[in-house]
Amino acid sequence: METMKAAILHGERDLRVQDVPKPETGRDGVLVKVKAVGVCGTDLHTYKLGMFKEMTLPQKDGVLFGHEFAGEVAAIGPHAQVQDIQVGDRVVGMAFGAYAEYCNVTPIITPAPLVLKLPDSVSFEAAATVEPLVVSLTAVQRANLQGGERILIIGAGMIGLGCVQVIRALHPDCAIVVADVAEKRLHMAREFGASRTIDAMQEDVVRCMKELAGETPVMYNATTSGNIDVVIECAGLPLTLNQALEIAKPITGRLVAVALYEEQPQVDFNQVVSKNLTVIGTLGYSDVEVKQALQLIADRRVDREALITHRYDLADAAQAFEAQMNTRETLKAVIVP
524 METMKAAILH GERDLRVQDV PKPETGRDGV LVKVKAVGVC GTDLHTYKLG MFKEMTLPQK
584 DGVLFGHEFA GEVAAIGPHA QVQDIQVGDR VVGMAFGAYA EYCNVTPIIT PAPLVLKLPD
644 SVSFEAAATV EPLVVSLTAV QRANLQGGER ILIIGAGMIG LGCVQVIRAL HPDCAIVVAD
704 VAEKRLHMAR EFGASRTIDA MQEDVVRCMK ELAGETPVMY NATTSGNIDV VIECAGLPLT
764 LNQALEIAKP ITGRLVAVAL YEEQPQVDFN QVVSKNLTVI GTLGYSDVEV KQALQLIADR
824 RVDREALITH RYDLADAAQA FEAQMNTRET LKAVIVP
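For the sequence shown, the working numbering gives the first residue as 524, with consecutive numbering after it.
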């Protein structure tokens, strides 16, 4: 039996690189030799907490995870439903188990395993950020932006900064404000085209947005409302969710919630009712959106390599996770097996 190196989670903050059986394609899989895999925020929750225990999703001991990856096709199953994919091709894959030397991509929802050939202009590391870019793209598309609208993005992590990139690429006449607690991330938001940033450690985000866009009295509501057309909530904190509800404008305002919440928010739902707000949750995406995101990178309309701040060998996977937890210094850690 052939073996490979893989980073296996044995408990909270207990990640060990060890020998495990090398996966086989089976009938319909595509085996990919992993060249780059990103440490995802969801994986970080798993690493810290054993996943969201209150959501009945605890992970058992001995988990191989990781899903933001790119690599080279090593083998193709005899019944794999793939087109124009051959052994040796550079691909981006959508599957679990990528903190390893090899990952087997198998069908999950569709009959075909989701592997896409990489254009020559896209590096493995940039391709490893396709998945979070798709999340950002889907959030922006669900917001249904109109020309000239004002958008507040709360949280300048990979998803929030990805939203800045997507909006600048697809809706250049929209005004973007970004709020975060880390100046390093706010600087990057400005580099990507945010017209204004707010350091939430130094300034009151709600007050700043009301000063920027004005405020409106709301019936049956003790507070006034902000006048921002769209708020994209990427921070995943009860505080920021309630800030978003207050900042979004009445009647036509939209709140797009992208983050998952480790702590269940206590929401003033009267804000939603009295302001006639549209609240949109977004999780997941289609293969069409994956292709759109990859094309944005290939056309150099978004710069994904600029988001990668730390790189690690597979042997140092635990260090990559610990670095990713330092959100003030690390934006994206990538493991290169």
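Glycine included, C-beta positions come from ideal geometry on N, C-alpha and C.
(request) For my contact list, Ile682 and Ser659 are in at a C-beta cut-off of 8 angstroms; report their separation, rounded to the angstrom. (result) Taking the first residue of the sequence shown as 1, we reach residue 682 at position 159. Taking the first residue of the sequence shown as 1, we reach residue 659 at position 136. So it is a contact: roughly 5 angstroms between Cβ atoms.
(message) Within the continuous alpha helix (DSSP H) that includes Val658, where are the two ends?
(response) For the purposes of this step, residue 658 is identified with residue 135 of the sequence shown, where counting begins at 1. Per DSSP, the continuous alpha helix (DSSP H) segment holding Val658 begins and ends at 653–666.
(request) Please determine, among Pro634, Ala593, Pro601, the residue with the shortest C-alpha to C-alpha distance to Met617. (result) Position 94 of the sequence shown, counting from 1, holds the residue named residue 617. For Met617, the closest C-alpha among the options Pro634, Ala593, Pro601 is that of Ala593.
(message) Considering just the uninterrupted stretch of the alpha helix (DSSP H) at Gly685, what are its terminal residues?
(response) On the sequence shown, residue 685 is found 162 positions in, with the first residue counted as 1. It spans 681–693 - the alpha helix (DSSP H) in which Gly685 sits, taken as one unbroken run.
(request) Tell me whether Glu726 is buried or exposed, calling it buried when 16 or more other Cβ atoms sit within 10 Å of its Cβ. (result) As a position in the sequence shown, residue 726 is number 203, starting the count at 1. The residue in question, Glu726, is exposed, as its Cβ has fewer than 16 Cβ neighbours within 10 Å.
(message) Using CA atoms only, rank isn't needed, just tell me which of Gly564, Arg851, Ser809 is closest to Ala705.
(response) For the purposes of this step, residue 705 is identified with residue 182 of the sequence shown, where counting begins at 1. Nearest of Gly564, Arg851, Ser809 to Ala705, Cα basis: Arg851.
(message) Closer than 8 angstroms is the cut-off here; do at least three beta carbon pairs connect the region 551–562 with the region 666–674?
(response) no
(message) Helix, strand or coil, according to DSSP, for Gln492 in the structure here?
(response) In the structure as shown, the chain begins at 524 and stops at 860. Residue 492 is therefore absent and cannot be evaluated.
(message) Going by DSSP in three states, Glu769 sits in which element: helix, strand or coil?
(response) Taking the first residue of the sequence shown as position 1, residue 769 is located at position 246. Looking at Glu769 - three-state DSSP - the assignment turns out to be helix.
(request) For His833, write down the residues that DSSP places opposite it in a beta bridge. (result) As a working mapping, residue 833 is identified with position 310 in the sequence shown. Partner(s): Ala856.
(message) Less than 7 angstroms separating the Cβ of Val802 from some heavy atom of the ligand HEM?
(response) This structure lacks the ligand HEM, and indeed carries no ligand of any kind.
(message) Which complete beta strand (DSSP E) runs does the region 696–721 hold, if anything under 3 residues is left out?
(response) Runs of the beta strand (DSSP E) inside the region 696–721: 698–703.
(request) Take Leu800 as the anchor and find which of Lys772, Asp822, Gln818, Gln815 has the nearest alpha-carbon. (result) On the sequence shown, position 277 is the one that residue 800 refers to. Closest by alpha carbon: Lys772.
(request) Could you pull out every unbroken beta strand (DSSP E) segment of at least 3 residues lying fully inside the region 578–652, listed in chain order? (result) 591–599, 613–616, 625–628, 638–640
(request) In the DSSP assignment, find the unbroken alpha helix (DSSP H) run with Gln842 in it and report its ends. (result) Taking the first residue of the sequence shown as 1, we reach residue 842 at position 319. Taken as a continuous stretch (DSSP letters only), the alpha helix (DSSP H) holding Gln842 covers 840–848.
(request) Might you give, ordered along the chain, the residues of its own chain that have their beta carbon closer than 6 angstroms to the beta carbon of Ala650, omitting 5 neighbours on each side? (result) Walking along the sequence shown from the start, residue 650 turns up at place 127. So the list reads Ala593, Val615, Leu641, once near-sequence residues are dropped.
(request) Would you kindly work out how many angstroms separate the C-alpha atoms of Val790 and Leu764, rounded to a whole number? (result) Translated into positions along the sequence shown, residue 790 becomes position 267. Translated into positions along the sequence shown, residue 764 becomes position 241. Roughly 8 angstroms between the two C-alpha positions.
(message) With a threshold of 7 angstroms on Cβ separation, who are the neighbours of Ala758 within its own chain once the five nearest residues in sequence on each side are excluded?
(response) Mapped onto the sequence shown, residue 758 falls at position 235. Same-chain partners within the cutoff: Ile677, Gly678, Ala782.
(request) Indicate the three-state DSSP secondary structure (helix, strand or coil) for Glu525 in the structure shown. (result) Within the sequence shown, the letter at position 2 stands for residue 525. The answer is coil: DSSP assigns Glu525 none of H, G, I, E or B.
(request) Between the Cα of Gln787 and those of Glu591, Val779, Pro761, Asp810, spot the shortest distance and give me the residue it belongs to. (result) As a working note, residue 787 is residue 264 in the sequence shown. Comparing Cα-Cα distances from Gln787 to each of Glu591, Val779, Pro761, Asp810, the minimum goes to Pro761.
(message) Applying the 10 Å Cβ sphere with the 16-neighbour rule, what's the burial state of Arg708?
(response) The count along the sequence shown starts at 1 and reaches residue 708 at position 185. Arg708 is classed as buried because its beta carbon has at least 16 other beta carbons within 10 Å across all chains shown.
(request) Give the C-beta separation of Glu595 and Glu828 to the nearest angstrom, bearing in mind that I take them to be a contact with Cβ-Cβ under 8 angstroms. (result) Locating residue 595 in the sequence shown gives position 72, where the first residue counts as 1. Locating residue 828 in the sequence shown gives position 305, where the first residue counts as 1. Actually they do not touch by this definition, with Cβ atoms about 19 angstroms apart.
(request) Please classify Leu532: does DSSP put it in a helix, a strand, or coil? (result) Position 9 of the sequence shown holds residue 532. Note: Leu532 maps to strand in three-state DSSP.
(message) Going by DSSP, what residue range makes up the beta strand (DSSP E) through Glu736?
(response) The residue you call residue 736 lines up with position 213 of the sequence shown. One point to set straight first is that residue 736 is Ala, not Glu, in the sequence displayed. Careful: Ala736 lies outside any beta strand (DSSP E), inside the alpha helix (DSSP H) at 728–736.
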